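**Student:** Mind having a look at this structure? Questions to follow.
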């Protein structure tokens with residue numbers, strides 16, 4: 001199998017190509033990271049907070065979430081991961097994982113160990129910059145979620161969150177301007193947005209009745225993308241996905 | 001001036017050494033990033049949200065903060081930066097900065113441009129891994145602030161926040177188990193922790209009266225480090241600063 005062909009097809013290569021035009025060496029090095037393919041069932045815990053020597057996983061298919069548990073049993077979801085995202089990139093360089101990761105749907109991943117990443121950086125320094133870009137983008141999303149919790153009303157944070165997911169999925173070819181398939185439950189949304197499940201349902205009903213967005217039967221439909229964007233004050237610049245910057 | 005000596009003395013080299021034993025090449029490459037020294041006054045805006053082609057800055061002396069402004073004029077402080085931190089590392093690879101950065105005190109920095117980072121990675125791939133580690137650590141702190149806002153009481157989040165600052169400053173040699181000098185006002189704390197300035201004062205008074213921590217006249221003193229740590233549920237593993245992992 002040719003590395004270049006394989007890796008151009010993957011959601012991660014597609015995502016990184018938005019930042020940098022990848023050379024043949026970059027693509028081959030990236031392809032070498034896809035070797036250890038694994039499948040996990042919905043609900044499988046990939047990484048447990050406090051675990052040592054964790055792996056990272058490049059997500060090819062399905063959805064996952066990263067979260068922290070509080071001493072009182074409450075859960076704060078930090079982010080959701082979709083195809084093209086690297087699960088546990090942050091923890092792979094740490095002695096112990098600082099958060100847990102769980103498969104939301106059945107998923108297909110490639111397992112990546114810390115030395116794989118370091119070898120890849122030595123072979124293809126541009127890839128190092130691209131991975132730093134991807135990590136920066138992940139951080140920018142966590143920052144938006146921080147602003148959600150700190151400063152946005154329940155309705156605005158829901159609108160902002162659904163628009164962000166839509167942009168991310170569009171980038172890897174599994175969503176468009178009309179909407180996207182979404183396996184999240186009201187409990188996932190509640191734990192991510194700092195709301196109760198009842199409140200989540202009320203907010204979603206209100207956004208639907210206003211003709212802005214409908215989330216039903218596993219699908220999010222943007223009924224009025226422009227007005228939803230305005231309500232959310234959504235500026236997708238922090239996702240930095242408007243075509244390759246480096247050529 | 002010898003690069004190696006210069007860079008071993010810097011707070012950033014000291015910080016990165018916690019992750020990786022830096023080789024002579026790594027140190028020389030790092031030293032080359034310190035060339036463009038700049039000083040800025042307290043209150044100077046280093047980076048403005050939406051700005052294009054921003055620089056990053058390695059902070060040698062002083063404190064800064066990164067923040068986002070909301071359409072209604074509210075401010076959410078994302079994090080504070082102390083010596084050894086890289087300001088604007090996230091935005092340097094983006095087309096437009098996703099947040100603003102301001103000097104809190106007078107500061108001394110080295111200005112770093114995106115190509116400097118890429119050249120450094122090409123010369124010293126281990127440095128790329130170390131910078132990815134530093135970025136991961138920054139993200140881990142933002143995640144903790146997300147948990148602060150989503151799931152921790154005002155008192156617990158203040159305790160957690162002061163302990164985190166203490167650990168970070170200890171790492172770069174400007175704090176110890178007793179406490180640290182701190183230029184933050186109640187307004188900074190309020191905008192970081194999602195509280196009002198009045199609430200910040202009430203929480204600080206209560207923590208002081210309980211004999212846990214005193215923040216007065218620009219200094220934070222840990223009156224009872226063990227009990228404060230217990231109250232906060234503070235587990236410093238996410239700062240990953242217990243001695244070099246890679247040799």
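Chains as they are written, first to last, in full-length UniProt numbering: chain X, 1 to 247; chain A, 1 to 247. Every residue gets a Cβ at the ideal spot worked out from N, C-alpha and C, and that includes glycine. Quick caveat: nothing in here was measured; it's all calculated off a predicted structure.
Below 7 Å between beta carbons: does that hold for residue 68 of chain X and residue 147 of chain A?
**Tutor:** As a working mapping, residue 68 of chain X is identified with position 68 in the first chain. As a working mapping, residue 147 of chain A is identified with position 147 in the second chain. For residue 68 of chain X and residue 147 of chain A, yes; Cβs fall inside 7 Å.
**Student:** What are the residues that DSSP puts in a beta bridge with residue 109 of chain X?
**Tutor:** Along the first chain, one-based indexing puts residue 109 of chain X at 109. Answer is X:38 and X:59, bridged to residue 109 of chain X.
**Student:** Keeping to the same chain, check which residues put their C-beta closer than 6 Å to that of residue 12 of chain A; ignore five residues upstream and five downstream.
**Tutor:** Working through the second chain from its first residue, we reach residue 12 of chain A at position 12. Taken in chain order, the residues that qualify are 58 and 84.
**Student:** Kindly list, in the order they appear in chain A, the residues whose Cβ is closer than 8 Å to that of residue 71 of chain X.
**Tutor:** Residue numbering aside, residue 71 of chain X sits at position 71 when the first chain is read from its first letter. Correct list: 233.
**Student:** What residue range does the beta strand (DSSP E) around residue 14 of chain A cover?
**Tutor:** For this step, residue 14 of chain A is matched to residue 14 along the second chain. Premise fails: residue 14 of chain A lies in the alpha helix (DSSP H), 11–16, not in any beta strand (DSSP E).
**Student:** Could you have a look at residue 49 of chain X and say whether DSSP puts it in helix, strand or coil?
**Tutor:** Locating residue 49 of chain X in the first chain gives position 49, counting from the first residue. In this structure, residue 49 of chain X counts as coil in the three-state DSSP scheme.
**Student:** Does DSSP put residue 173 of chain X in a helix, in a strand, or in coil?
**Tutor:** On the first chain, position 173 is the one that residue 173 of chain X refers to. Residue 173 of chain X falls in the coil class under three-state DSSP.
**Student:** Counting only beta-carbon atoms, is residue 157 of chain A nearer than 7 Å to chain X?
**Tutor:** As a working mapping, residue 157 of chain A is identified with position 157 in the second chain. Judged by the 7 Å Cβ criterion, residue 157 of chain A is not in contact with chain X.
**Student:** Please identify the residue among A:41, A:167 and A:194 whose C-alpha is closest to the C-alpha of residue 235 of chain A.
**Tutor:** Here residue 235 of chain A refers to the residue found at position 235 of the second chain. Among A:41, A:167 and A:194, the Cα nearest to that of residue 235 of chain A is on A:167.
**Student:** Applying a beta-carbon distance threshold of less than 9 Å, which residues of chain X neighbour residue 147 of chain A?
**Tutor:** On the second chain, position 147 is the one that residue 147 of chain A refers to. By Cβ distance, chain X contributes 68, 70, 76 and 78.
**Student:** For residue 177 of chain A, tell me which candidate among A:141, A:220, A:62 and A:119 has the shortest Cα-Cα distance.
**Tutor:** As a working note, residue 177 of chain A is residue 177 in the second chain. Per the Cα distances, A:220.
**Student:** Does the distance from the CB of residue 149 of chain X to the CB of residue 211 of chain A come in under 7 Å?
**Tutor:** If you number the first chain from 1, residue 149 of chain X lands on position 149. If you number the second chain from 1, residue 211 of chain A lands on position 211. Not a contact, by the Cβ cut-off of 7 Å.
**Student:** Give me the chain A residues within the contact set of residue 57 of chain X, using Cβ-Cβ distance strictly less than 9 Å, ordered along the chain.
**Tutor:** The residue labelled residue 57 of chain X in the question sits at position 57 within the first chain. The premise fails here: residue 57 of chain X is roughly 16 Å from chain A at the closest Cβ pair, so nothing lies under 9 Å.
**Student:** Which residues mark the beginning and the end of the alpha helix (DSSP H) in which residue 196 of chain A is found?
**Tutor:** Counting from 1 along the second chain, the entry for residue 196 of chain A is found at position 196. Segment: none, residue 196 of chain A is in no alpha helix (DSSP H) and carries neither H nor E.
**Student:** Residue 117 of chain X lies in the alpha helix (DSSP H); which residues open and close that run?
**Tutor:** Looking up residue 117 of chain X in the first chain gives position 117. Segment 114–123, the alpha helix (DSSP H) holding residue 117 of chain X.
**Student:** Pair every Cβ in the region 37–46 of chain X with every Cβ in the region 104–112 of chain X, then say whether three or more of these pairs are closer than 8 Å.
**Tutor:** The region 37–46 of chain X, when compared against the region 104–112 of chain X, does touch it at the 8 Å Cβ threshold.
**Student:** Closer than 7 Å by beta-carbon distance: list the chain A residues that pair up with residue 206 of chain X, in chain order.
**Tutor:** Position 206 of the first chain, counted from the first residue, corresponds to residue 206 of chain X. By Cβ distance, chain A contributes nothing, its closest Cβ being about 20 Å from residue 206 of chain X, past 7 Å.
**Student:** Looking at chain A, is there any beta carbon in it that lies within less than 7 Å of the beta carbon of residue 136 of chain X?
**Tutor:** Reading the first chain from its first residue, position 136 is the one you call residue 136 of chain X. At least one chain A Cβ lies under 7 Å of residue 136 of chain X.
**Student:** Under a three-way DSSP split, which group does residue 100 of chain A fall into?
**Tutor:** Here residue 100 of chain A refers to the residue found at position 100 when the second chain is read from its first residue. Note: residue 100 of chain A maps to strand in three-state DSSP.
**Student:** Does the beta carbon of residue 3 of chain X sit closer than 7 Å to a beta carbon anywhere in chain A?
**Tutor:** Translated into the one-based positions of the first chain, residue 3 of chain X becomes position 3. Per-residue confidence for residue 3 of chain X stands at a pLDDT of 39, beneath the threshold of 50, marking its modelled position as unreliable; no derived number is given.
**Student:** Locate the alpha helix (DSSP H) running through residue 225 of chain X, then write down its first and last residues.
**Tutor:** If you number the first chain from 1, residue 225 of chain X lands on position 225. Taken as a continuous stretch (DSSP letters only), the alpha helix (DSSP H) holding residue 225 of chain X covers 225–232.
**Student:** Output the distance between the C-alpha atoms of residue 140 of chain X and residue 215 of chain A, rounded to the nearest integer angstrom.
**Tutor:** Position 140 of the first chain holds residue 140 of chain X. Position 215 of the second chain holds residue 215 of chain A. Distance between the alpha carbons of residue 140 of chain X and residue 215 of chain A is about 31 Å.
**Student:** At a cut of 8 Å, does the region 158–172 of chain X reach the region 117–124 of chain A through at least three beta carbon pairs?
**Tutor:** Flag = no, the region 158–172 of chain X and the region 117–124 of chain A do not touch.
**Student:** Step through the CB atoms of chain X and report whether any lies within less than 7 Å of the CB of residue 141 of chain A.
**Tutor:** Position 141 of the second chain holds residue 141 of chain A. No, residue 141 of chain A does not count as interfacial toward chain X.
**Student:** Taking Cβ positions, are residue 157 of chain A and residue 189 of chain A nearer each other than 7 Å?
**Tutor:** Looking up residue 157 of chain A in the second chain gives position 157. Looking up residue 189 of chain A in the second chain gives position 189. It is not a contact, given that the beta carbons lie outside the stated cut-off.
**Student:** How about residue 46 of chain X and residue 101 of chain X: are their beta carbons less than 7 Å apart?
**Tutor:** Residue 46 of chain X sits at position 46 when you count from the first residue of the first chain. Residue 101 of chain X sits at position 101 when you count from the first residue of the first chain. Cβ atoms of residue 46 of chain X and residue 101 of chain X: closer than 7 Å.
**Student:** Can you tell me whether residue 206 of chain A is buried or exposed? The criterion is at least 16 other CB atoms within 10 Å of its CB, across all chains shown.
**Tutor:** For the purposes of this step, residue 206 of chain A is taken as the residue at position 206 of the second chain. It is exposed - the Cβ of residue 206 of chain A has fewer than 16 other Cβ atoms within 10 Å.
**Student:** Here's the rule I'm using: 16 or more other beta-carbon atoms within 10 Å means buried, otherwise exposed. How should residue 226 of chain X be labelled?
**Tutor:** For the purposes of this step, residue 226 of chain X is taken as residue 226 along the first chain, with counting starting at 1. Counting Cβ neighbours within 10 Å, residue 226 of chain X comes out exposed, since fewer than 16 surround it.
**Student:** Going by alpha carbons, who is nearest to residue 28 of chain A out of A:43, A:123 and A:76?
**Tutor:** On the second chain, residue 28 of chain A is found 28 positions in, with the first residue counted as 1. For the residues A:43, A:123 and A:76, the minimum Cα distance to residue 28 of chain A belongs to A:123.
**Student:** Taking the alpha carbon of residue 184 of chain A as the point to measure from, which residue in A:41, A:21, A:10 and A:65 has its own alpha carbon closest?
**Tutor:** Reading the second chain from its first residue, position 184 is the one you call residue 184 of chain A. Among A:41, A:21, A:10 and A:65, the Cα nearest to that of residue 184 of chain A belongs to A:65.
**Student:** Enumerate in chain order the residues of its own chain whose CB-to-CB distance from residue 174 of chain A is below 6 Å, with the five nearest sequence positions on each side excluded.
**Tutor:** By one-based count along the second chain, residue 174 of chain A stands at place 174. So no residue of the chain qualifies.
**Student:** Measuring only between beta-carbons, confirm whether residue 63 of chain A sits less than 7 Å from chain X.
**Tutor:** For the purposes of this step, residue 63 of chain A is taken as the residue at position 63 of the second chain. No - not a single Cβ of chain X is within 7 Å of the one on residue 63 of chain A.
**Student:** Suppose the cutoff is 7 Å on Cβ atoms and the five residues either side in sequence are ignored; what does the same chain contact list for residue 61 of chain X look like?
**Tutor:** As a working note, residue 61 of chain X is residue 61 in the first chain. Closer than 7 Å at Cβ, skipping near neighbours: 83, 107 and 108.
**Student:** For residue 248 of chain A, report the span of its alpha helix (DSSP H) as first-last.
**Tutor:** Nothing in the structure corresponds to residue 248 of chain A, since chain A is present only between 1 and 247.
**Student:** For the candidate residues X:213, X:209, X:25 and X:104, whose alpha-carbon lies nearest to that of residue 41 of chain X?
**Tutor:** For this step, residue 41 of chain X is matched to residue 41 along the first chain. Among X:213, X:209, X:25 and X:104, the Cα nearest to that of residue 41 of chain X belongs to X:104.
**Student:** For residue 230 of chain A, which option in A:76, A:155 and A:131 has the closest C-alpha, if you only look at C-alpha atoms?
**Tutor:** In the second chain, residue 230 of chain A corresponds to position 230, counting from 1. When only C-alpha atoms are compared, the closest one is A:155.
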